[in-house]
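Numbering (UniProt numbering), first residue to last: 1 to 992.
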């Protein structure tokens with residue numbers, strides 16, 4: 001019979017015995033580590049019967065330790081019991097169980113003669129104290145046990161004891177009286193123990209020294225010297241622990257003494273990878289803390305410490321380990337104060353003249369003059385040995401970034417691209433030199449590195465001019481299959497300065513070609529061409545006739561505005577014409593009509609052109625100046641707003657409804673008649689609706705309307721407020737603060753109604769009121785505003801009632817007047833929305849909108865997405881988000897409406913949001929959809945918007961009013977009066 005089978009049967013019999021059977025642990029050890037402690041209180045036998053083990057059910061962790069103390073001379077039984085305790089019971093101990101367990105473990109620790117058992121005991125104590133909520137109590141019980149009896153193992157437990165001391169120091173429960181004992185143990189282990197003892201001693205000394213509130217400078221100096229010595233230890237683990245301690249001493253504003261710098265630079269070439277990695281990070285700390293300190297370099301020259309540290313890290317770019325090279329490439333980007341010659345040397349593997357030292361101690365001057373030829377060997381390059389002798393830095397440190405960018409591993413190249421862009425962003429000379437190197441990375445095989453190179457080069461192109469060769473390299477990225485890379489490259493080109501008209505022509509040709517290949521890039525390409533036209537108007541002037549196909553002999557047929565290629569050329573030419581008016585005389589007559597259309601449809605792409613604007617005004621026989629028109633428009637908005645505020649505050653109840661109807665009618669007319677004020681008028685229309693609903697609620701409360709009706713109106717007001725906050729950008733903070741006060745009033749009205757009409761409502765209302773007050777305070781703090789005097793008094797009254805409720809919580813049945821519904825309604829008498837008297841920023845308000853690029857509405861209407869029923873499939877969605885904030889992006893959702901009225905929401909990943917500018921974000925994602933079997937194809941509706949949680953959140957009695965999410969659709973950027981909506985035909989079919 002095999003041993004494992006025999007052992008299994010033995011265990012099965014032992015698990016079916018009664019609780020009085022004492023032979024539970026009486027079995028032979030047949031095989032190494034075969035027995036595992038029982039994790040369950042039952043066992044299922046072969047017949048399917050469940051056998052519960054009464055002894056395991058009744059036993060707890062403390063009992064297991066008591067049994068272990070009884071068998072103090074039986075190593076195997078103690079080991080099994082301790083293993084059972086640590087596996088099954090240690091994490092489940094309560095406070096009293098932890099105290100008793102510590103006492104029993106300490107008793108077992110002082111009586112056992114086995115080193116292995118003692119180690120398990122100390123590790124158990126460590127785990128208990130680490131997890132406990134009464135650490136100080138447990139340590140006081142444990143401290144008397146640290147006596148001479150623990151050290152009869154002749155140092156075998158020192159490493160475990162020091163780890164326990166380190167935990168006590170870290171948790172601030174260490175008794176200063178034990179310091180001498182702990183220091184004796186640590187000093188002994190630093191010199192005479194094995195690697196584990198030395199590591200434990202190092203960590204304890206570091207923790208003990210650094211954990212003081214006011215570190216002792218003398219102790220820090222002694223510890224630093226000791227750790228420098230331990231960095232020469234023969235064991236790499238000890239060296240790692242020592243240099244980790246040195247790194248900890250560099251955290252914050254402090255740093256190591258300057259005497260340690262030379263030793264750290266030597267550790268950068270240590271044989272252990274961890275030591276080299278930490279040494280590089282400490283070198284960076286030295287450079288940041290002592291940037292101007294003069295040190296002697298490896299070449300025996302006196303240099304700034306920042307520059308010398310930079311060369312040390314550059315040398316690490318030749319390390320054999322990939323991780324070290326990647327870390328060195330990342331750290332290079334943090335040397336923001338390094339001298340310009342050292343930076344330029346990282347881009348050239350050959351020693352530059354400024355890094356050479358002549359015999360008289362001066363640096364060689366760089367010259368661009370030709371050799372005269374009068375002196376023999378005048379232009380012969382220096383020999384390598386001579387360069388090595390006269391160079392300021394080691395030859396191995398030259399061309400560090402070139403080496404990194406050519407590295408075979410992605411991690412090194414990625415870090416080098418990031419650091420190169422970071423160092424060059426504020427250094428025009430260095431930025432101009434890095435353009436070629438970063439442009440070469442556009443051909444990298446890894447898409448992420450290509451994207452990082454584009455992002456790194458984008459802020460640098462403003463420091464230089466792109467020539468033909470550089471442009472050839474950059475434009476190859478427009479054929480990249482990754483749309484993120486193409487979009488980023490469009491942004492780079494829009495910031496670039498091109499050398500001549502030939503470069504502009506080549507750039508436009510490539511952009512037009514990729515526009516036909518990638519139709520989804522249409523919007524990004526238009527914005528890129530618009531920026532190129534604005535920056536290079538004088539160059540576009542020479543190309544305008546050729547781009548528009550104008551001939552000096554024949555009249556041209558009007559081109560279609562729906563032609564994407566023609567539209568792209570027109571965007572370029574019109575933007576250039578805004579800077580160079582002479583271009584207007586070169587364009588065909590129909591361009592003026594197209595300009596008017598594009599100014600209305602895409603004002604963000606087409607700027608105003610004075611020549612065309614004057615022509616339009618003269619044709620329409622309008623003599624009023626643009627400034628007069630602006631004043632009239634502003635007066636319309638101001639008058640409408642003043643009428644709203646006056647009607648809300650001073651009008652009588654019977655007059656308010658009629659006045660609001662008139663105002664709403666006028667604002668609806670403004671939206672359709674005047675395009676320039678359509679968005680502000682729509683905002684005022686929504687704000688007027690909120691004021692009207694608030695007044696209806698107040699009237700309903702006083703006239704005794706039905707609760708359901710009042711609650712429905714309050715819900716409508718909440719939704720309108722959510723729509724205002726989510727659909728408009730640039731709303732004045734005073735308006736947002738007033739809307740938050742309105743939300744507070746509406747919520748308190750709900751509370752008042754529910755307190756008086758729902759049993760036990762008074763007991764549950766204080767919690768909600770307290771949360772609402774906290775939410776109001778946080779909102780005003782975020783807006784950096786103060787509530788109105790009425791709201792301040794109301795909150796003060798509520799806090800007083802809440803404090804009375806807490807103090808007399810046991811007598812709520814007798815004292816109903818603490819927080820009553822009638823009391824709240826009485827306090828809300830005269831409440832109104834405290835909108836400011838004037839709103840000068842009204843015309844700055846813009847709509848948050850969505851422009852759907854893909855799927856195309858015309859193409860998608862004919863396309864049917866077929867997939868297996870019950871399984872998910874994806875629909876590609878590419879859209880532009882205008883004016884959304886970071887908070888809006890977190891709440892951004894895609895609503896999916898199925899024909900059976902089922903609704904689902906899809907949230908794109910955070911990495912799928914790409915910021916193109918301050919107010920423009922692109923989202924490219926795959927929307928997951930799924931449905932059961934359908935007989936025929938049908939449409940689903942996709943809508944982009946913001947998912948909000950309702951401010952109301954009342955849960956009182958049997959009726960629960962919980963926070964309900966509601967979806968706010970965003971307007972279509974092309975048609976602001978309508979919400980965005982995409983129809984997709986899908987057809988779930990059976991699995992074939």
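Using N, Cα and C, we set each Cβ at its ideal position, and we do this for glycine too.
Just so it is clear, the structure is predicted and the values come from calculations on it, not from any experiment.
| request: Check residue 415 in the structure and name its three-state DSSP category. | output: helix
| query | What separation, rounded to the nearest whole angstrom, lies between the Cα atoms of residue 542 and residue 901? | reply | 58 Å
| task | Let me know if residue 925 comes out buried or exposed under the rule of 16 or more other beta-carbons within 10 Å of its beta-carbon. | result | buried
| Neighbour-count burial assignment, residue 750, 16 or more Cβ in a 10 Å radius | buried
| Three or more C-beta pairs below 8 Å linking the segment 489-502 and the segment 529-545 | yes
| field | Run of the alpha helix (DSSP H) containing residue 352, from where it starts to where it stops | value | Counting along the chain, residue 352 falls outside any alpha helix (DSSP H), and DSSP gives it neither H nor E.
| message | Would you call the segment 187-200 in contact with the segment 232-245, where contact means no fewer than 3 C-beta pairs closer than 8 Å? | response | yes
| said: Please report the distance separating the alpha-carbon of residue 409 from that of residue 445. | reply: 11 Å
| query | Three-state secondary structure (DSSP) at residue 526? | reply | helix
| query | Going straight from the alpha carbon of residue 25 to that of residue 116, what length do you get? | reply | In this prediction, residue 25 scores a pLDDT of 31, lower than 50, which makes its location untrustworthy; the coordinate-derived value is nonetheless stated afterwards. Each residue's alpha carbon lies about 20 Å from the other.
| said: Let me confirm a value: residue 662 is counted as buried when at least 16 other C-beta atoms fall within 10 Å, else exposed. Which label applies? | reply: exposed
| request: Inspect the beta-carbon positions of residue 423 and residue 391 and report whether they are closer than 7 Å. | output: no
| request: Give the DSSP bridge partners of residue 925, in chain order. | output: 877
| Count the other CB atoms within 10 Å of the CB of residue 956; is the residue buried (16 or more) or exposed (fewer)? | Any reading at residue 956 must be qualified, since the residue scores a pLDDT of 40, below 50, and its modelled position is unreliable; no value is offered.
| query | Just the Cα atoms here: how many angstroms apart are residue 341 and residue 335? | reply | 13 Å
| task | Report the rounded CA-to-CA distance for residue 716 versus residue 682, giving the unit in angstroms. | result | 17 Å
| field | CA-to-CA distance, residue 678 to residue 501, given in whole angstroms | value | 41 Å
| query | Which value, in whole angstroms, describes the spacing of the CA atoms of residue 483 and residue 727? | reply | 28 Å
| query | Across which residues does DSSP place residue 294 in a beta bridge pair? | reply | 304
| request: List the residues that DSSP assigns as beta-bridge partners of residue 643. | output: DSSP lists no partner for residue 643.
| said: Quick test of your reading: residue 852 and residue 927, contact by CB under 8 Å. State the CB separation rounded to the nearest angstrom. | reply: That belief does not hold up - the Cβ atoms of residue 852 and residue 927 are roughly 12 Å apart, past 8 Å.
| field | Three-state secondary structure assigned by DSSP to residue 602 | value | coil
| request: Taking only the alpha-carbon atoms, compute the straight-line gap between residue 348 and residue 558 and give it to the nearest angstrom. | output: 55 Å
| From residue 167 to residue 713, what does the alpha carbon distance come to, in whole angstroms? | 60 Å
| Would a C-beta distance cut-off of 7 Å place residue 573 and residue 544 closer than the cut-off? | yes
| Segment contact, 8 Å Cβ cut-off, at least three pairs: the segment 180-187 with the segment 216-226 | no
| Helix, strand or coil: how does DSSP classify residue 970 here? | coil
| field | Simplified DSSP assignment, three categories, for residue 903 | value | strand
| said: Alpha carbons only, please: which of 291, 405, 290 and 984 is nearest the one belonging to residue 346? | reply: 405
| request: Could you tell me whether the Cβ atoms of residue 338 and residue 306 are closer together than 7 Å? | output: yes
| query | To the nearest angstrom, how far is it from the Cα of residue 690 to the Cα of residue 833? | reply | 9 Å
| request: Starting from residue 854, trace the beta strand (DSSP E) both ways and give me its first and last residue. | output: 849-854
| message | Between which residues of its own chain and residue 620 is the CB-CB distance below 8 Å, once the five residues before and five after are set aside? | response | Here residue 620 scores only 44 on pLDDT, less than 50, and its place in the model should not be relied on; the value that follows carries that caveat. Around residue 620: no qualifying Cβ.
| query | How many Å lie between residue 140 and residue 417 at the Cα? | reply | 55 Å
| Residues bridged to residue 913 by DSSP? | 923
| task | Would you identify the three-state DSSP class for residue 938, choosing helix, strand or coil? | result | strand
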